[in-house]
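Working notes, beginning with the structure itself.
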Amino acid sequence: EGVNPQEYTLIKLRVKEIPAEWKEQLGDGEVYLVAATLRPETMYGQTNCFVLPEGEYGFFRTKKGEIFVCSQRSALNMYYQDLMEGDEKNGPSGPNGPTSLMSKTGQDLVGLPLDAPLCQYETIHVLPMFTISMSKGTGVVTSVPAEAPDDYVCLRDWKTRSNWREQYKVKEEWCAPDVVDILTFEDDNEDAGSSDSASAPAICEQMKIGSHREKDKLAAAKKDVYQKGFYSGIMNVGPYKGEKVADVKTKIRDELIEKGEAVAYFE
Ligand code: A2H
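And the structure:
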């Protein structure tokens with residue numbers, strides 16, 4: 333952890349149907365998987381959500397009475413950032429931190445139906461991603477395949493690999509959403525057919541990335557897509573259609589937070 337904290341936006345993905353056997357331990361309150369992102373302006377392009385199958389996820393009560401699903405480590409950060417309920421007793425070693433109502437593995441979360449803010453799909457589902465780090469963000473990643481190479485290749489893996497689907501109990505319909513093209517680019521010209529030449533799918537196909545486990549290739553693709561998206565991207569959906577990403581990114585983040593659909597989070 334460096335000297336300068338990184339600010340993320342936590343996107344609240346509401347669980348639309350809570351398994352009956354969880355309800356007793358959870359009690360009242362909406363349950364949200366919370367995904368850390370650096371690109372809140374891309375949330376129009378969400379197609380699914382990712383968790384680490386062997387990762388451990390806690391269910392933590394927030395100060396507003398909601399339940400956040402995330403890593404223990406991020407819940408402790410949220411506690412210090414005054415977002416979480418916790419054990420108020422201050423022992424000699426300080427507060428004991430947030431208490432988890434329940435704990436599940438990522439695999440247990442696979443398939444949950446979610447309602448995601450700004451998303452063009454009414455319901456999206458939780459899928460596994462093998463490259464998630466439990467020591468970054470919340471351990472939950474929301475998937476925007478148009479702009480994030482990892483997300484594009486991982487979703488493509490689940491769409492195309494029936495043996496993986498079988499092994500991880502992933503239903504084909506959960507991987508069905510198509511990429512939503514949320515940005516266009518200043519240097520696009522229609523007849524050249526280059527409208528998505530800067531997007532993650534085009535770059536991943538060009539680089540022949542074979543699966544989402546190819547970390548080095550994905551790191552290179554990511555750099556490329558991010559720079560183009562931020563510096564020459566123009567919104568192609570939503571109320572800011574036609575405006576530059578650089579001009580609306582903060583506005584879109586602030587509106588999500590104001591509506592209670594996201595929170596600021598530092599680490
Ligand atoms: B980003 P940085 Cl559209 N493990 O959000 C792996 N990846 C994680 C993670 C974890 N524990 N937590 C967050 N992330 C992802 C959107 C997005 C992101 C777009 C384009 C690029 C992009 C939609 N996914 O990130 O290491 C999240 O994906 C490119 C780096 O802190 C988060 O933002 O820089 C980003 O990585 C944070 O990565």
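First residue of the sequence shown: 333, per the UniProt record's numbering; consecutive thereafter.
Note that the Cβ used here is the ideal one computed from N, Cα and C, for glycine as well.
Would a C-beta distance cut-off of 8 Å place L441 and W506 closer than the cut-off?
Not closer than 8 Å, so no.
Note the first and the last residue of the continuous beta strand (DSSP E) segment covering A532.
Annotation: A532 is outside any beta strand (DSSP E); the continuous alpha helix (DSSP H) that includes it extends over A532 to Q538.
Considering only the alpha carbon of each residue, which of T470, Q338, N568 and L345 lies closest to G592?
If you compare the alpha carbons of T470, Q338, N568 and L345 with that of G592, the shortest gap goes to L345.
Does the beta carbon of K344 fall short of 7 Å from some heavy atom of ligand 1?
Incorrect: K344 has no Cβ contact closer than 7 Å to ligand 1.
Mind checking K581: buried by the 16 CB within 10 Å criterion, or exposed?
With 16 or more Cβ atoms within 10 Å of its Cβ, K581 is classed as buried.
Taking all protein chains shown into account, do 16 or more other C-beta atoms lie within 10 angstroms of the C-beta of P449, making it buried, or fewer, making it exposed?
Looking at its Cβ environment, which holds 16 or more other Cβ atoms inside 10 Å, P449 is buried.
Just verifying my parser: in three-state terms, what is the DSSP assignment at P460?
DSSP places P460 in strand when its eight states are reduced to three.
Give the range of the alpha helix (DSSP H) segment to which C486 is assigned.
First-last of the alpha helix (DSSP H) with C486: P481 to T492.
Short Cβ contact (8 Å threshold) for Q378 with Y597:
In this structure, Y597 does not lie closer than 8 Å to Q378 by Cβ.
CA-CA distance, I350 and L446?
One C-alpha to the other measures close to 10 Å.
Among all the DSSP beta bridges, which residues are the ones paired with Y364?
According to DSSP, Y364 bridges with R346 and F400.
R405 and G361 look like a contact to me (Cβ under 8 Å); what is the Cβ gap, rounded to whole Å?
22 Å between Cβ atoms; not a contact.
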